[in-house]
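Visitor: What follows is a single structure, and I will ask about it in a moment.
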Amino acid sequence: MSQEKNAFRDEAIEAISDMAQHLPLDCELLVVACCPGKKEFDLVLPSPESNLNNALDALRRNGLSIDGDNAYKRDLLDVVVGALALGAQNTNPPPAGHWGQRFWDIGREERANSEALLKALESLTQIAGECKQIASNYSGTIDGIFEHGGDDHEDPSCAIFHRLYYAMFDARAAIKKASI
Numbered sequence: 020m021s022q023e024k025n026a027f028r029d030e031a032i033e034a035i036s037d038m039a040q041h042l043p044l045d046c047e048l049l050v051v052a053c054c055p056g057k058k059e060f061d062l063v064l065p066s067p068e069s070n071l072n073n074a075l076d077a078l079r080r081n082g083l084s085i086d087g088d089n090a091y092k093r094d095l096l097d098v099v100v101g102a103l104a105l106g107a108q109n110t111n112p113p114p115a116g117h118w119g120q121r122f123w124d125i126g127r128e129e130r131a132n133s134e135a136l137l138k139a140l141e142s143l144t145q146i147a148g149e150c151k152q153i154a155s156n157y158s159g160t161i162d163g164i165f166e167h168g169g170d171d172h173e174d175p176s177c178a179i180f181h182r183l184y185y186a187m188f189d190a191r192a193a194i195k196k197a198s199i
C-alpha cells in the first residue's frame, strides 16, 4: 500500500470512530473511498458492527440501481447464464449449497421439458403423417385439393389431408431445429 493510501486509511479509521459516537445506537457506519479506474486506491472501511448488505440496501434506497452498467452485475449475470446453460447440458453442477444451484436446476428442468415436448411432437408428427397418408389414399394430389378449396374442400378426407400436409412442414422444421 502506498504511503498516501496508508495516511488516508489512518485518518479515515480515526474519523469513523469520531462519527460513530454521534450516531444513534442502531446505526451502522461504513466509509467508502474510490478512485474510478484505480482499484489500488479503493478503500472500504466498515465499522465492526456494520453489515455490508445493509449498506447496499441504503445505497439502493438512494438511487443505486441494477439498471446501470457495472462489472459486478455483468459478472453476476454471466454466472447465472452459465449456470442455466450448464444445467441444460447436465454438466458441471455448482458445489453443494451454492446459490447458483437454483439456476442450474432451472436449466436442467427446461432441457427436460424441451426433450419431453420434442418427443411428444415427434410422436404426434408420426401419427399425423400416418393420418395424412390415409387421407391421401382417398383424396388425390395436394395440387388438386388446393385447386378445389383446400381446407374448405367438400370432401372431409381431402380437407384433412390438406391441413395435415401443411402442418407437417412446420412440425418437421421445429423438430429439425430442436434436434440440432
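Just so we're aligned, residue 20 is where the sequence shown starts under our numbering, counting upward by one.
Don't be surprised by glycine CBs; every beta carbon is placed ideally from N, CA and C.
Are L183 and A154 closer than 8 Å when you measure CB to CB?
Guide: Counted from its first residue, the sequence shown places residue 183 at position 164. Counted from its first residue, the sequence shown places residue 154 at position 135. Cβ distance < 8 Å, so L183 and A154 count as in contact.
Visitor: So, with DSSP's three-state summary, where would you put A131?
Guide: Stepping through the sequence shown from its first residue, residue 131 is reached at position 112. Residue state, collapsed to three classes: helix.
Visitor: Buried or exposed: where does A115 fall if 16 or more other Cβ atoms within 10 Å of its Cβ makes it buried?
Guide: Taking the first residue of the sequence shown as 1, we reach residue 115 at position 96. By the 10 Å Cβ count, A115 comes out exposed.
Visitor: Based on DSSP bridge pairs, tell me the residues matched to V99.
Guide: For the purposes of this step, residue 99 is identified with residue 80 of the sequence shown, where counting begins at 1. In the DSSP output, where bridge partners are listed per residue, V99 has none listed.
Visitor: Quick check: the Cα distance between Q152 and W118, rounded to an integer number of angstroms?
Guide: Here residue 152 refers to the residue found at position 133 when the sequence shown is read from its first residue. Here residue 118 refers to the residue found at position 99 when the sequence shown is read from its first residue. In a straight line, the C-alpha of Q152 is about 52 Å away from that of W118.
Visitor: Along the chain, where does the beta strand (DSSP E) that runs through P65 open and close?
Guide: Numbered from 1 along the sequence shown, position 46 holds the residue referred to as residue 65. First-last of the beta strand (DSSP E) with P65: L62 to P65.
Visitor: Quick one: Cα of N109 to Cα of A26, how far?
Guide: Indexing the sequence shown from 1 puts residue 109 at position 90. Indexing the sequence shown from 1 puts residue 26 at position 7. If you take the alpha carbons of N109 and A26, they lie about 52 Å apart.
Visitor: What whole-angstrom Cβ distance do L105 and G126 have, given they're in contact under 8 Å?
Guide: Start at 1 with the first residue of the sequence shown, and residue 105 comes out as number 86. Start at 1 with the first residue of the sequence shown, and residue 126 comes out as number 107. Between G126 and L105 the Cβ distance is about 7 Å, and since that is below 8 Å, they are a contact.
Visitor: What's the gap between the Cα of R80 and the Cα of S66?
Guide: Numbered from 1 along the sequence shown, position 61 holds the residue referred to as residue 80. Numbered from 1 along the sequence shown, position 47 holds the residue referred to as residue 66. Distance between the alpha carbons of R80 and S66 is about 21 Å.
Visitor: Quick one: grab the DSSP three-state call for A115.
Guide: Within the sequence shown, numbered from 1, the residue matching residue 115 stands at position 96. Of the three classes helix, strand and coil, the one that applies to A115 here is coil, per DSSP.
Visitor: Please report the distance separating the alpha-carbon of A178 from that of K196.
Guide: In the sequence shown, the residue the question calls residue 178 occupies position 159. In the sequence shown, the residue the question calls residue 196 occupies position 177. The alpha-carbon atoms of A178 and K196 are separated by roughly 28 Å.
Visitor: Check whether the segment 33–47 touches the segment 58–72, taking contact to mean three or more Cβ pairs, one atom from each stretch, closer than 8 Å.
Guide: Taking 8 Å as the limit for Cβ pairs, the verdict is that the segment 58–72 does touch the segment 33–47.
Visitor: Within 10 Å of its beta-carbon, does F188 have 16 or more other beta-carbons around it, so buried, or fewer, so exposed?
Guide: Counting from one through the sequence shown, the residue named residue 188 turns up at place 169. Looking at its Cβ environment, which holds fewer than 16 other Cβ atoms inside 10 Å, F188 is exposed.
Visitor: Can you round the beta-carbon distance between I194 and E141 to whole angstroms, since I take them to be within the 8 Å contact cut?
Guide: Position 175 of the sequence shown, counting from 1, holds the residue named residue 194. Position 122 of the sequence shown, counting from 1, holds the residue named residue 141. The pair is a contact, with the Cβ atoms about 6 Å apart (cut-off 8 Å).
Visitor: Using a Cβ-Cβ cutoff of less than 8 Å, which residues in the same chain neighbour C147 once the five nearest sequence positions on both sides are dropped?
Guide: Here residue 147 refers to the residue found at position 128 of the sequence shown. Residue identity check: residue 147 is Ala in the sequence provided, not Cys. So the qualifying residues of the chain are L183, A186, M187 and A190.
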